[in-house]
């Protein structure tokens, strides 16, 4: 009887997995299973957060304002306005020398000067900014002013000192642009001061022309012309000085771009 009791006691104490080593193994396995279950439960949450983050970025990108296309885009409304202004130059010359109608020539020149702001506003308002427009707009402004100055010097309706000062500034800017291009500088955009100076001069010049016409208020246009010149010519020169630091930056950036390319 004692032998049978000993055998039953031995079978009872040797249950599979009841030894200390087996207990440790089972504990490790259970811990791993629990970690795997927690990881599988957390994975959808991470994916959900990633999805929400992606949707948020896409939504922010869609709500962002449109970026102007910097391509050449020749057939845009602002570029057509600039071309129309240039095409009116022969008409202006004919009105002064052919028809000898200084009053109508002054009206045309004033209208061409007023449209200087129209093309820029249309380009920014309707997302039609282009690289061609950045070149064509200031070129049209400069040609209009140069042609008007030369024509009025020949006509005798513009005081010679004013004409010389204005032509000297335009000549310096033109030569500087050629030198910067030869040095490989990037293009310099026209500043607000430059546009303002040109705008005031483009109104001063036709006022001088109107003051030499046969209308009854010619003297009033003469006074107005001197007011525009007194403000426009200093701004014209101040804007030219302001381009000097931009010119150095343009040369440095242009050379750096050529070296990296």
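Numbering (our numbering), first residue to last: 12 to 272. Note that the Cβ used here is the ideal one computed from N, Cα and C, for glycine as well. Given the structure is predicted, the values throughout are model-derived calculations rather than measurements.
Do you know whose CA, among 84, 210, 120, 144, lies nearest residue 242's CA? Closest by alpha carbon: 210.
Cα-Cα separation between residue 174 and residue 100, rounded to whole angstroms: Answer to the nearest angstrom: the Cα atoms are 18 Å apart.
With H, G and I counted as helix, E and B as strand and the rest as coil, what does DSSP make of residue 98? Of the three classes helix, strand and coil, the one that applies to residue 98 here is helix, per DSSP.
Segment limits, alpha helix (DSSP H) that includes residue 176: Boundaries of the alpha helix (DSSP H) harbouring residue 176: 171–193, taken from the DSSP string.
Closest Cα partner of residue 204 within the set 139, 250, 92: Ranking 139, 250, 92 by Cα distance to residue 204 puts 250 first.
Our contact map puts residue 230 next to residue 222 with C-beta atoms below 8 Å; I'd like the distance itself, whole angstroms only. Between residue 222 and residue 230 the Cβ distance is about 7 Å, and since that is below 8 Å, they are a contact.
With respect to the alpha helix (DSSP H) encompassing residue 198, which residues constitute its N-terminal and C-terminal limits? In the DSSP annotation of this structure, residue 198 is not part of any alpha helix (DSSP H), being labelled neither H nor E.
Does the beta-carbon distance from residue 148 to residue 131 come in below 8 Å? For the 8 Å CB-CB criterion, residue 148 and residue 131 form a contact.
Option in 248, 219, 247, 226 with minimal Cα separation from residue 234: Minimum Cα distance to residue 234 is reached at 219.
With residue 167 as the anchor, note down where its alpha helix (DSSP H) starts and where it stops. Element bounds for residue 167: n/a, residue is neither H nor E.
Quick check for students: name the residue ranges of the beta strand (DSSP E) that lie wholly in the segment 81–148, counting only runs of 3 or more. If we require 3 residues or more, the segment 81–148 turns out to have no beta strand (DSSP E) run fully inside it.
Taking residue 228 as part of the alpha helix (DSSP H), name the residues at either end of that continuous run. Counting along the chain, residue 228 sits inside no alpha helix (DSSP H), nor does DSSP assign it H or E at all.
Looking only at its chain, what residues have a beta carbon closer than 8 Å to the beta carbon of residue 103, apart from the 5 residues adjacent to it on each side? Only 116, 119, 120, 123, 158, 159, 162 meet the Cβ criterion.
Here's the rule: buried if 16 or more other CB atoms are within 10 angstroms of the residue's CB, otherwise exposed. What is residue 86? So residue 86 ends up on the exposed side.
Taking 8 Å as the threshold, find out whether the segment 190–208 comes into contact with the segment 253–260 through three or more Cβ pairs. Yes: the two stretches touch, three or more of their Cβ pairs being nearer than 8 Å.
Excluding five sequence neighbours on each side, which residues of the same chain lie with their C-beta closer than 6 Å to the C-beta of residue 134? Cβ neighbours of residue 134 beyond the five flanking positions: 89, 140, 144.
Excluding the five sequence neighbours on either side, which residues of its own chain have a C-beta within less than 6 Å of the C-beta of residue 76, listed in chain order? In this prediction, residue 76 scores a pLDDT of 47, lower than 50, which makes its location untrustworthy; the coordinate-derived value is nonetheless stated afterwards. Within the same chain, no residue comes within 6 Å of residue 76 by CB-CB distance, once the 5 residues on both sides are set aside.
Could you check whether residue 180 and residue 261 sit closer than 8 Å to each other, using their CB atoms as the reference points? Result no, Cβ atoms of residue 261 and residue 180 do not sit closer than 8 Å.
Please classify residue 171: is it buried, with 16 or more other beta-carbons within 10 angstroms of its beta-carbon, or exposed? Label assigned to residue 171: exposed.
Near residue 129, which residues of its chain fall below 7 Å by C-beta distance, leaving aside the five closest residues on each side in sequence? Counting only Cβ-Cβ distances below 7 Å, and skipping sequence neighbours, we find 92.
Residue 232, buried or exposed, once every other Cβ within 10 Å from all chains shown has been counted against 16: Result: buried.
Exposed or buried, residue 113, counting other C-beta atoms within 10 Å across all chains shown (16 or more means buried)? That one is buried.
Tell me which residues share the same chain as residue 271 and place their Cβ nearer than 8 Å to its Cβ, disregarding the 5 neighbours each side in the sequence. Same-chain partners within the cutoff: there are none.
Nearest to residue 216 by CA position, among 189, 151, 182, 169, is which residue? Cα-wise, what sits closest to residue 216 is 169.
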